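Peer 1: Protein sequences, first through last, are from chains E and D.
Quick note on numbering: the first sequence equals residues 11 to 282 in this note's numbering.
Quick note on numbering: the second sequence equals residues 936 to 1256 in this note's numbering.
In this text, a Cβ means the ideal position worked out from N, Cα and C, and glycines have one as well.
Please read all numbers here as calculations on a predicted model, not as lab measurements.
After the structure tokens below, expect a handful of questions from me.
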Amino acid sequence: MNTTWSRFNISSIVLGFAFLYLPIVLLIVFSFNESKLVTVWGGFSTKWYVSLFHNQGLMDATWVTARVGVISATVATVLGTLAAITLTRYTRFKGRVLFSGMVFAPLVMPEVITGLSLLLLFVAVGLDRGFFTVTLAHITFTMCFVAVVVQSRLVSFDRSLEEAAMDLGAPPVKTFFQITLPVIMPAIISGWMLAFTLSLDDLVIASFTSGPGATTLPMKIYSQVRLGVTPEINAACTILIAVVAVGVIIASIANKRREVQRQRDEQAAQRG
Amino acid sequence: MTNIAAAASPSAETAAALPTRLAKGFVGRLVIIIPYLWLLFFFLVPFIIVFKISLSQTAISMPPYTPVLDFSEGVSGFFAGFSALNFDNYTWLTQDALYFNAYVTSLIIAAISTLLTLIVGYPIAYGMARAPATVRPTLLMLVILPFWTSFLIRVYAWIGILKPEGLLNQVLLSLHLISQPLVILNTYTAIFIGIVYSYLPFMVLPLYSSLEKMDYSLIEAAQDLGCPPIGAFWKITFPLSLPGVIAGCLLVFIPAVGEFVIPDLLGGSQTLMIGKTLWNEFFANRDWPVSSAVAVILLLVLTVPIMFFQQAQARAQEQGK
Chain E
11 MNTTWSRFNI SSIVLGFAFL YLPIVLLIVF SFNESKLVTV WGGFSTKWYV
61 SLFHNQGLMD ATWVTARVGV ISATVATVLG TLAAITLTRY TRFKGRVLFS
111 GMVFAPLVMP EVITGLSLLL LFVAVGLDRG FFTVTLAHIT FTMCFVAVVV
161 QSRLVSFDRS LEEAAMDLGA PPVKTFFQIT LPVIMPAIIS GWMLAFTLSL
211 DDLVIASFTS GPGATTLPMK IYSQVRLGVT PEINAACTIL IAVVAVGVII
261 ASIANKRREV QRQRDEQAAQ RG
Chain D
936 MTNIAAAASP SAETAAALPT RLAKGFVGRL VIIIPYLWLL FFFLVPFIIV
986 FKISLSQTAI SMPPYTPVLD FSEGVSGFFA GFSALNFDNY TWLTQDALYF
1036 NAYVTSLIIA AISTLLTLIV GYPIAYGMAR APATVRPTLL MLVILPFWTS
1086 FLIRVYAWIG ILKPEGLLNQ VLLSLHLISQ PLVILNTYTA IFIGIVYSYL
1136 PFMVLPLYSS LEKMDYSLIE AAQDLGCPPI GAFWKITFPL SLPGVIAGCL
1186 LVFIPAVGEF VIPDLLGGSQ TLMIGKTLWN EFFANRDWPV SSAVAVILLL
1236 VLTVPIMFFQ QAQARAQEQG K
């Protein structure tokens, strides 16, 4: 297809990306500001990073957030993958409409509603609010995002591979673990990463469902932001951005490698 | 490989046989039942509880409400509970103009910012769709990347830019474009900027995926026949991208109505939005029944757009197959 990339198209992309990235770049730049005034440049300094590591409250919150993120993302990935399989493979069962509704609705549900309703559930069943309840809440809202990511891979999956395996005598469960799972693995990994970052990010649902002793990093940042903008928060945010960026880059490189490897395997198989 | 499969059995038959073979087995049932039960218990049941508590009375205790419809008292207790139901919280919502205004303002703000996001996002998505095929994956990655960085951080970044002594005013003052700092932070303008900024990827991605699939020879044909570019856009490009427009608008509009972080951090105390009202009812006033009633009405308001969204999702899934 003949693509004409006109001046208009290029400038709209440049402006759009400037709008998307400039605030984040400015935030990172001012985390290295010597001055305590966030918006006045007073020279380069890394002192806010040093003071960050001496802030015990912030370090504790980081640890809580990391644990909640890893546990909830892992459970959510398992549940979300099962939900995705159900959605794509079982087209007829009782209550399918309700099920797909429950998978898609949390994607757009305002967080205040999800947070409030989960908290009221925890109170109703008598669970003490804390680490455990935040984790359960995060599993619930992130599993739907995993389901959507994995489902989009399953839809384009070549079913003849499974048929071939089962025709050759492999039982369904074995077929799933040896054929289906390796093929959809990249989607499962990106689903896990999405669930982890969503959990890392979440302020509203965590504020409702958390209790004493389980303050997450966003809750901590939020309570400090309300008191005013400080370079120390900029530094904390910069570290968080760096962690996520490195993770995303590593994942995309790994994905690309696996893709290249797969193509090589397929070519070898055709030749052989 | 295909030969063996074809020889063993016609593949259409196997395709139909696989799900049934799986579903009949114990493992197959588990695949459905585990996520189903999880979502029932952690997604559907909580809404029922919210509804129940919205009908109970506020009490100074922990939890701060008197329960109604207590199932522990058996069936007779359950029916007796109906007389104890009270709609005071809902009456309270209609009597106080604050809540009504908050709902209406939220809907208006969400609608305006959805439109603004569409106007900002469309040229970006269009430019991406017309970019050389080799550049497109990189551009796509660049749109998705901000989505991975914390929502809270991205909203927070705007405080430093928009405040009276902030970066935007510094730049404008030094260029002598303005003589006095603009007041943007803590106004509705700041909320619009915040929503457009935070939700832009949600708009660009569906727009891009429908624009990318488009056959651009249609536009060339229209132009050859003498249609001006703007006419060709409104008659061909825009109608063909409509599924993307609808999906993008719903993805922005629905969460924006109940948004809390943006109005709280950028809108200040003077602006009114329902998500903030619910938060304050709950955390500041500790009035659980009233905040539940606020949530129930918000959910009712959003039912129609959410159902639209689900239909659009289901349709997209069908087309994907």
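What are the start and end residues of the alpha helix (DSSP H) that includes residue 978 (chain D)?
Peer 2: Segment: none, residue 978 (chain D) is in no alpha helix (DSSP H) and carries neither H nor E.
Peer 1: Within 9 angstroms of any Cβ in chain D, is that where the Cβ of residue 90 (chain E) sits?
Peer 2: At least one chain D Cβ lies under 9 angstroms of residue 90 (chain E).
Peer 1: Is the CB of residue 1008 (chain D) under 9 angstroms away from at least one CB in chain E?
Peer 2: Bear in mind that a pLDDT of 49 at residue 1008 (chain D), under 50, signals an unreliable position, so the model cannot answer this.
Peer 1: Determine contact between the stretch 1063-1083 of chain D and the stretch 1164-1171 of chain D, defined as no fewer than three beta-carbon pairs at a distance below 8 angstroms.
Peer 2: No, the stretch 1063-1083 of chain D is not in contact with the stretch 1164-1171 of chain D.
Peer 1: What does residue 1196 (chain D) reach in chain E if we use C-beta pairs closer than 9 angstroms?
Peer 2: Here the neighbours are 121, 213, 214, 232.
Peer 1: Taking a cut of 8 angstroms between CB atoms, which residues from the stretch 1169-1195 of chain D lie near chain E?
Peer 2: From the stretch 1169-1195 of chain D, only 1185, 1186, 1189, 1190, 1192, 1193, 1194, 1195 have a Cβ closer than 8 angstroms to chain E.
Peer 1: For the stretch 94-106 of chain E, which residues have a beta carbon sitting closer than 7 angstroms to at least one beta carbon of chain D?
Peer 2: Against chain D - using a Cβ distance shorter than 7 angstroms - the residues of the stretch 94-106 of chain E are 95, 96, 99, 100, 103.
Peer 1: Since residue 1248 (chain D) meets chain E, which of its residues come closer than 7 angstroms, beta carbon to beta carbon?
Peer 2: Under the 7 angstroms cutoff, chain E gives 114.
Peer 1: Considering only C-alpha positions, which residue in the set D:1221, D:1214, D:971 is nearest to residue 154 (chain E)?
Peer 2: Comparing Cα positions, the closest option is D:971.
Peer 1: If you follow the alpha helix (DSSP H) that residue 1164 (chain D) is part of, which residue opens it and which one closes it?
Peer 2: 1164-1167 is the span of the alpha helix (DSSP H), which, as asked, contains residue 1164 (chain D).
Peer 1: Please go through the same chain and pick out, in chain order, the residues whose beta-carbon is closer than 8 angstroms to the beta-carbon of residue 1086 (chain D), but skip the five residues on each side of it.
Peer 2: Around residue 1086 (chain D): 1133, 1196.
Peer 1: Helix, strand or coil: which one does DSSP assign to residue 42 (chain E)?
Peer 2: It is coil, neither helix nor strand.
Peer 1: Give the residues of chain D in contact with residue 134 (chain E), contact being defined as C-beta atoms less than 8 angstroms apart.
Peer 2: Here the neighbours are 984.
Peer 1: Going by beta carbon distance, what residues of the same chain come within less than 6 angstroms of residue 234 (chain E), once the five residues before and after it are set aside?
Peer 2: Taken in chain order, the residues that qualify are 243.
Peer 1: Whose Cβ in chain A lies nearer than 7 angstroms to the Cβ of residue 191 (chain E)?
Peer 2: Here the protein chains are E and D, and chain A is not one of them.
Peer 1: Would you mind telling me which residues of chain E sit closer than 9 angstroms to residue 1158 (chain D), beta carbon to beta carbon, in chain order?
Peer 2: Correct list: empty, because the minimum Cβ distance to chain E is about 11 angstroms.
Peer 1: Do the stretch 1096-1112 of chain D and the stretch 1060-1080 of chain D meet, that is, are 3 or more Cβ pairs less than 8 angstroms apart?
Peer 2: Verdict: no, contact absent.
Peer 1: Does any residue of chain D have a CB that is nearer than 9 angstroms to the CB of residue 26 (chain E)?
Peer 2: Chain D, which has a Cβ nearer than 9 angstroms to the Cβ of residue 26 (chain E), makes this yes.
Peer 1: Just checking: is the beta-carbon of residue 225 (chain E) within a distance shorter than 9 angstroms of some beta-carbon in chain D?
Peer 2: It does not: the Cβ of residue 225 (chain E) has no partner Cβ on chain D nearer than 9 angstroms.
Peer 1: State whether the stretch 985-992 of chain D contacts the stretch 204-220 of chain E, with contact taken as three or more CB pairs (one from each stretch) at a distance under 8 angstroms.
Peer 2: No: fewer than three Cβ pairs fall under 8 angstroms.
Peer 1: According to the neighbour-count rule (16 or more other Cβ atoms, all chains shown, within 10 Å of its Cβ), is residue 1199 (chain D) buried or exposed?
Peer 2: Buried, by the Cβ-count rule.
Peer 1: Within a Cβ cutoff of 6 angstroms, which residues of the same chain sit near residue 202 (chain E), ignoring the five residues on either side of it in sequence?
Peer 2: The residues are 83, 87.
Peer 1: Between which two residues does the alpha helix (DSSP H) carrying residue 51 (chain E) extend?
Peer 2: Residue 51 (chain E) -> no alpha helix (DSSP H), and no H or E assigned at all.
Peer 1: Might you give, ordered along the chain, the residues of its own chain that have their beta carbon closer than 6 angstroms to the beta carbon of residue 1141 (chain D), omitting 5 neighbours on each side?
Peer 2: Hits under 6 angstroms: 1179, 1182, 1183.
Peer 1: Kindly list the residues whose CB is nearer than 8 angstroms to the CB of residue 229 (chain E), restricted to its own chain and excluding five residues on each side of it in sequence; keep chain order.
Peer 2: Here the set comprises 71, 213, 216, 217, 220.
Peer 1: Starting from residue 1071 (chain D), follow the alpha helix (DSSP H) in both directions and report where the run begins and ends.
Peer 2: First-last of the alpha helix (DSSP H) with residue 1071 (chain D): 1071-1083.
Peer 1: To the nearest angstrom, how far is it from the Cα of residue 1171 (chain D) to the Cα of residue 1149 (chain D)?
Peer 2: Whole-angstrom Cα-Cα distance: 10 angstroms.
Peer 1: Using alpha carbons as the reference points, say which of E:165, E:248, E:118, E:185 lies closest to residue 1088 (chain D).
Peer 2: The shortest Cα separation from residue 1088 (chain D) among E:165, E:248, E:118, E:185 belongs to E:248.
Peer 1: Can you list, in chain order, the residues of its chain with a C-beta nearer than 7 angstroms to that of residue 1146 (chain D)? Leave out the 5 residues immediately preceding and following it.
Peer 2: Here the set comprises 1060, 1061, 1064, 1176, 1179.
Peer 1: Please determine, among D:974, D:1203, D:1161, the residue with the shortest C-alpha to C-alpha distance to residue 1125 (chain D).
Peer 2: It is D:1203.
Peer 1: Using three-state DSSP, classify residue 1257 (chain D) as helix, strand or coil.
Peer 2: A question about residue 1257 (chain D) goes unanswered here, because the residues of chain D that appear run from 936 up to 1256.
Peer 1: Hey, is residue 210 (chain E)'s beta-carbon within less than 9 angstroms of any beta-carbon in chain D?
Peer 2: Chain D, which has a Cβ nearer than 9 angstroms to the Cβ of residue 210 (chain E), makes this yes.
Peer 1: Using a cut-off of 8 angstroms between C-beta atoms, extract the partners of residue 150 (chain E) located in chain D.
Peer 2: Simply 973, 974, 977, 978.
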